[in-house]
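Line order of the protein sequences matches chains A and B.
Throughout the first sequence, residue numbering follows the working numbering, covering 753 to 813 in sequence.
Throughout the second sequence, residue numbering follows the working numbering, covering 498 to 682 in sequence.
Note that CB positions come from ideal geometry on N, CA and C, so glycine has one too.
Computed from a predicted structure; not experimentally measured.
Below is one structure, written out as structure tokens; the observations come after it.
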Amino acid sequence: MILSTALACLTRYVGVTLVSAGVVTIMLASGVNFKSRFIRAFAYAAFSLAPLGLWGRATTD
Amino acid sequence: MTAPRREVVDIAFGAQDTNRRWRLAVIILAFVGAGLVLLSTARYGAGLSPDSVCYLDAARSLASGRGLVFHTGEPMVWYPPLYLYPMLLALVGLVTGLDPEVFAHLVNAALFAPVICLSGRLFKTGSLQTTTCIVLGVSAVLFSIPLSQVYSMAWSECLFIPLVLLYLLFAQRYWVPPTCCHSYS
Chain A
753 MILSTALACL TRYVGVTLVS AGVVTIMLAS GVNFKSRFIR AFAYAAFSLA
803 PLGLWGRATT D
Chain B
498 MTAPRREVVD IAFGAQDTNR RWRLAVIILA FVGAGLVLLS TARYGAGLSP
548 DSVCYLDAAR SLASGRGLVF HTGEPMVWYP PLYLYPMLLA LVGLVTGLDP
598 EVFAHLVNAA LFAPVICLSG RLFKTGSLQT TTCIVLGVSA VLFSIPLSQV
648 YSMAWSECLF IPLVLLYLLF AQRYWVPPTC CHSYS
């Protein structure tokens, strides 16, 4: 899920919307406690957006 | 008469007849989809828009080892990072030695087949999992006019759509109850 989101972000900027949708999806998942869901959602968002962030940093310097 | 006929179907397709049938149907439809894209672009190749020109520029410059630059020599810094679609075109260009404009429609056709397959997989995880429902759903995707328009153009959407479907396939594990999920083997 992280890989597909990161690649989608790298293909088109609109792929960023998948990150927010993914975070909501993970946070609403049943059967897991809130802390675990929060950590997973945060890790998912961080790793998905990392390539885009690196690109932004590289092109703005 | 229906019972013996059912037995014949079971013998023909084995114990997992339904599973095999929907997979076979989706694979056939994927080939049909790729064929339709090739048919629609056979005469003039992939359609070109201003964005397509940028993508082809990027693919050409990447294939020639000049990096991500426009034909004017200006670096591409505001377009989507890594430029995966032009990178794919550049990679195929490096392998074949052809100009990206020549084979862009072939890449699009190759990218449309996964859209059909992933759609079939998504329909399989839905509430109506019969082969007929899956084939009807996938056929709706196959003959979708907006999709056929997208895949007749040299656009990054051609790569973006399968990635979104892949994302949905992984994400649905969070919202589909475990009893409805199917193995990914």
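The stretch 524-550 of chain B: positions lying closer than 9 Å to chain A by Cβ: none
Beta bridge counterpart(s) of VAL612 of chain B as assigned by DSSP: As a first step, residue 612 of chain B must be located in the second sequence, where it is residue number 115. Per DSSP, none; premise fails for VAL612 of chain B.
For GLY805 of chain A, the three-state DSSP class (helix, strand or coil): The residue given as residue 805 of chain A occupies position 53 in the first sequence. Under the three-state reduction of DSSP output, GLY805 of chain A falls in the helix class.
Nearest-angstrom Cα separation, counted from GLY805 of chain A out to THR622 of chain B: Position 125 of the second sequence, counted from the first residue, corresponds to residue 622 of chain B. Position 53 of the first sequence, counted from the first residue, corresponds to residue 805 of chain A. For THR622 of chain B and GLY805 of chain A, the distance between alpha carbons rounds to 34 Å.
Run of the alpha helix (DSSP H) containing GLU654 of chain B, from where it starts to where it stops: What you label residue 654 of chain B is simply residue 157 of the second sequence in a count that begins at 1. From DSSP, the alpha helix (DSSP H) with GLU654 of chain B extends over 654-672.
Amino acids of chain B, ordered along the chain, whose beta-carbon sits closer than 7 Å to that of ILE778 of chain A: Position 26 of the first sequence, counting from 1, holds the residue named residue 778 of chain A. TYR671, listed in chain order.
Interface partners of ALA610 of chain B on chain A, CB under 9 Å: Counting from one through the second sequence, the residue named residue 610 of chain B turns up at place 113. Going along chain A, no residue has its Cβ under 9 Å from ALA610 of chain B, so there is no contact; the nearest lies around 17 Å.
Within chain B, the residues that ALA798 of chain A reaches when beta carbons sit closer than 7 Å: Translated into positions along the first sequence, residue 798 of chain A becomes position 46. Within 7 Å Cβ-Cβ: nothing; ALA798 of chain A doesn't reach chain B, min ~17 Å.
8 Å Cβ shell around ASN516 of chain B - same chain, five flanking residues per side excluded: Here residue 516 of chain B refers to the residue found at position 19 of the second sequence. Contacts found: none.
Simplified DSSP assignment, three categories, for MET573 of chain B: Within the second sequence, the letter at position 76 stands for residue 573 of chain B. Here MET573 of chain B sits in coil by DSSP.
Backbone CA spacing between ARG809 of chain A and VAL534 of chain B [nearest angstrom]: If you number the first sequence from 1, residue 809 of chain A lands on position 57. If you number the second sequence from 1, residue 534 of chain B lands on position 37. Approximately 38 Å, taken between the alpha carbons.
Presumed contact (8 Å Cβ cut-off) between THR777 of chain A and TYR582 of chain B, rounded CB distance: On the first sequence, position 25 is the one that residue 777 of chain A refers to. On the second sequence, position 85 is the one that residue 582 of chain B refers to. The beta-carbon distance between THR777 of chain A and TYR582 of chain B, rounded to whole angstroms, is 26 Å. This is too long to meet the 8 Å contact definition.
Any C-beta of chain A under 8 Å from that of LEU559 of chain B: As a working mapping, residue 559 of chain B is identified with position 62 in the second sequence. With 8 Å as the cut-off, LEU559 of chain B does not count as an interface residue toward chain A.
Contact list for the stretch 782-808 of chain A against chain B, Cβ threshold 9 Å: Those residues of the stretch 782-808 of chain A that come within reach of chain B (Cβ to Cβ, closer than 9 Å) are SER782, GLY783, PRO803, LEU804, LEU806, TRP807 and GLY808.
Which of helix, strand or coil DSSP assigns to GLY544 of chain B: The residue labelled residue 544 of chain B in the question sits at position 47 within the second sequence. The answer is strand: DSSP assigns GLY544 of chain B an E or B state.
Under 8 Å between C-beta atoms of ALA686 of chain B and PRO597 of chain B: It is not possible to answer for residue 686 of chain B, since the shown part of chain B is limited to 498 through 682.
Neighbouring residues, chain A, relative to LEU581 of chain B (Cβ below 8 Å): What you label residue 581 of chain B is simply residue 84 of the second sequence in a count that begins at 1. Those within 8 Å of LEU581 of chain B in chain A are LEU759, LEU762 and THR763.
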